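Only one structure is covered here, and it is reproduced in the block below.
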């Protein structure tokens with residue numbers, strides 16, 4: 367039987383999961399998907415995710431791929447998974463892709479969004495999807511710091527402690543390139559802000575560490591110069607605490623669209 | 367000690383509660399508030415809510431009042447409750463009001479919002495706060511039906527079965543007056559719709575029953591004439607099924623603002 371490579375586009379609510387990656391101490395999204403795909407394909411399926419998300423982090427467009435010989439149409443994997451998975455994981459798309467596509471190694475970039483609410487009391491229906499930061503936050507204060515981040519930098523100051531060895535295995539250390547950084551305010555709800563980051567890759571906790579430090583700039587606790595010094599220090603101890611997981615959404619993973627997709631034959 | 371009447375403004379996520387009203391078979395918002403107020407005041411506190419919400423229904427602006435002799439500033443009730451309550455209930459405001467204020471009997475009107483998503487696959491982070499209705503829904507189809515509802519009508523066709531005796535005790539039977547009805551589309555997210563209703567009162571399940579039937583108008587399964595006939599029939603069996611609880615938000619309760627509030631002395 368012919369081996370196929372299937373790419374999944376996945377949204378999930380990370381609240382009730384111990385993150386993406388399979389591990390021993392609790393339910394993960396990878397584990398839920400592999401279990402159900404094992405039933406659907408009657409094979410032992412291993413999924414490659416585009417990246418790991420931590421416990422409580424959400425995804426609007428995670429990408430993963432897996433190899434199977436099951437002969438069903440690609441879209442049927444999505445329908446079968448959605449009928450078996452809990453409602454906090456949804457398969458948005460499932461397509462055949464070329465054999466050399468790998469969700470992690472083929473990825474050319476990612477976008478993240480981080481949502482905060484700065485009002486005095488958090489609305490209960492938002493508490494799992496938006497970080498509560500009840501401070502006098504002025505986004506214009508941090509525009510210069512956001513601009514500083516664009517381009518190629520060593521982001522060691524914003525990398526999770528203890529993950530250095532792992533990131534070094536890619537050969538580029540803690541160097542990453544950010545294409546786009548932004549802080550948006552919801553015009554209809556002025557205490558609702560979103561940080562947006564796009565780049566060629568992100569270190570472990572990088573977005574949450576950037577947000578934690580940018581929040582200090584936004585309330586005037588750090589100046590732009592101090593922020594620049596933190597970035598330049600390449601030392602995690604210089605930056606502010608990690609922002610909570612619940613406000614973070616993996617929005618999109620970017621690939622070279624010309625080469626990857628294979629038509630259903 | 368002097369008796370005081372305290373009014374609370376409350377937001378809650380109804381997902382994990384069996385509705386507002388105290389009952390035997392599960393946790394309710396009323397019960398949670400009364401328990402914590404008993405600890406704060408060292409009195410047996412009974413709360414009057416402006417209305418009941420069903421299991422899974424949310425509130426952005428529920429109002430309640432209670433009588434106490436506890437001498438603390440009114441705002442301190444809010445702070446103390448927020449420090450003791452789970453995060454899915456938040457006290458947005460707490461003020462002294464005149465002795466004759468009663469959250470239910472003094473209410474002059476209420477506003478509800480009902481949120482739906484009509485796309486093929488529901489986003490996991492929205493599943494508890496927005497009803498999934500994956501159909502070709504056209505809001506312009508139901509404008510005439512929404513206009514029909516404005517004014518004073520007997521809403522028996524949209525009243526929960528079995529609640530007739532209770533509503534009759536108010537002396538106005540199933541007659542209610544709607545001031546405003548609307549179906550809004552989120553311009554940034556075209557498959558996200560909200561129904562808005564304001565009126566002098568709502569029967570049990572009335573908003574969910576109206577939405578259930580309006581959805582059928584929105585997909586062309588019922589015409590405006592058929593909708594008018596259902597309203598005129600005063601018979602619950604003529605209308606469509608009740609829409610799910612999770613999309614419903616109690617937005618606001620209206621009072622005569624001139625008479626109710628008492629300054630902290």
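Chains as they are written, first to last, in my numbering: chain A, 367 to 631; chain B, 367 to 631.
Using N, Cα and C, we set each Cβ at its ideal position, and we do this for glycine too.
The model shown is predicted, which means the values in this text are computed figures rather than measured ones.
What is the rounded straight-line gap between the Cα of residue 500(B) and the Cα of residue 585(B)? Answer to the nearest angstrom: the Cα atoms are 10 Å apart.
Just checking: is the beta-carbon of residue 394(A) within a distance shorter than 9 Å of some beta-carbon in chain B? Under the Cβ distance rule, residue 394(A) does not count among the residues neighbouring chain B, no pair being separated by less than 9 Å.
If we count the other Cβ atoms within 10 Å of its Cβ and call it buried at 16 or more, is residue 402(A) buried or exposed? By the 10 Å Cβ count, residue 402(A) comes out buried.
Less than 8 Å between C-beta atoms, sequence neighbours within five positions excluded: which residues of the same chain meet that for residue 474(B)? 566, 620, 621, 622.
Out of 464(A), 466(A), 463(A), 446(A), state which residue places its alpha-carbon closest to the alpha-carbon of residue 457(A). That would be 446(A), whose Cα lies nearest to the Cα of residue 457(A).
With a floor of 4 residues, list each alpha helix (DSSP H) that falls wholly inside the stretch 403-477 of chain B, ordered by position along the chain. As for any alpha helix (DSSP H) of minimum length 4 sitting wholly inside the stretch 403-477 of chain B, the runs are 440-450, ordered along the chain.
Assign residue 377(A) to one of three DSSP states: helix, strand, or coil. DSSP places residue 377(A) in strand when its eight states are reduced to three.
Check the Cβ-Cβ distances between residue 615(A) and every residue of chain B, and say whether any is below 9 Å. Yes, residue 615(A) counts as interfacial toward chain B.
Going residue by residue through the stretch 484-548 of chain B, where are the continuous beta strand (DSSP E) segments of at least 3 residues, counting only ones entirely within it? Counting whole runs of 3 or more residues, the stretch 484-548 of chain B contains the beta strand (DSSP E) stretches 517-520.
Can you name the residues of chain B whose CB is closer than 7 Å to the CB of residue 488(A)? The answer, in chain order, is 456.
Using the beta-carbon count (16 or more within 10 Å), is residue 550(A) buried or exposed? Taking all protein chains shown into account, residue 550(A) has fewer than 16 neighbouring C-beta atoms within 10 Å of its C-beta and is therefore exposed.
Establish whether the CB of residue 514(A) and some CB of chain B are separated by less than 9 Å. Any Cβ of chain B closer than 9 Å to the Cβ of residue 514(A) would place that residue at the interface, and such an atom is absent.
Cα-Cα separation between residue 591(B) and residue 479(B), rounded to whole angstroms: Spanning the two alpha carbons is a distance of roughly 25 Å.
Helix, strand or coil for residue 706(A)? Go by DSSP, reduced to three states. Chain A is shown from 367 up to 631; residue 706(A) falls before or after that span and cannot be answered.
For residue 593(A), report the span of its alpha helix (DSSP H) as first-last. Unbroken alpha helix (DSSP H) run through residue 593(A): 590-599.
Status (buried if at least 16 other CB within 10 Å, exposed otherwise) for residue 527(B): Here residue 527(B) is exposed, its C-beta having fewer than 16 other C-beta atoms within 10 Å.
According to DSSP, simplified to helix, strand and coil, what is residue 557(A)? Annotated three-state conformation of residue 557(A) is coil, per DSSP.
Output, in sequence order along the chain, the residues in the stretch 416-450 of chain B whose CB is closer than 8 Å to any CB in chain A. Listed by position, the residues of the stretch 416-450 of chain B near chain A (Cβ gap below 8 Å) are 424, 426, 448.
Got a sec: is the Cβ-Cβ distance from residue 494(B) to anything in chain A below 9 Å? Taking Cβ atoms only, chain A reaches closer than 9 Å to residue 494(B), which makes this a yes.
Using a C-beta to C-beta distance shorter than 8 Å, which residues of chain B count as neighbours of residue 453(A)? For residue 453(A), the chain B residues whose Cβ falls inside 8 Å of its Cβ are 488, 490, 493, in order along the chain.
When you compare only the Cα positions, how much space is there between residue 641(A) and residue 368(A)? The displayed coordinates of chain A run from 367 to 631. Any statement about residue 641(A) would go beyond what the structure contains.
Give me the DSSP bridge partner(s) of residue 603(A). In the DSSP assignment, residue 603(A) forms no beta bridge with any residue.
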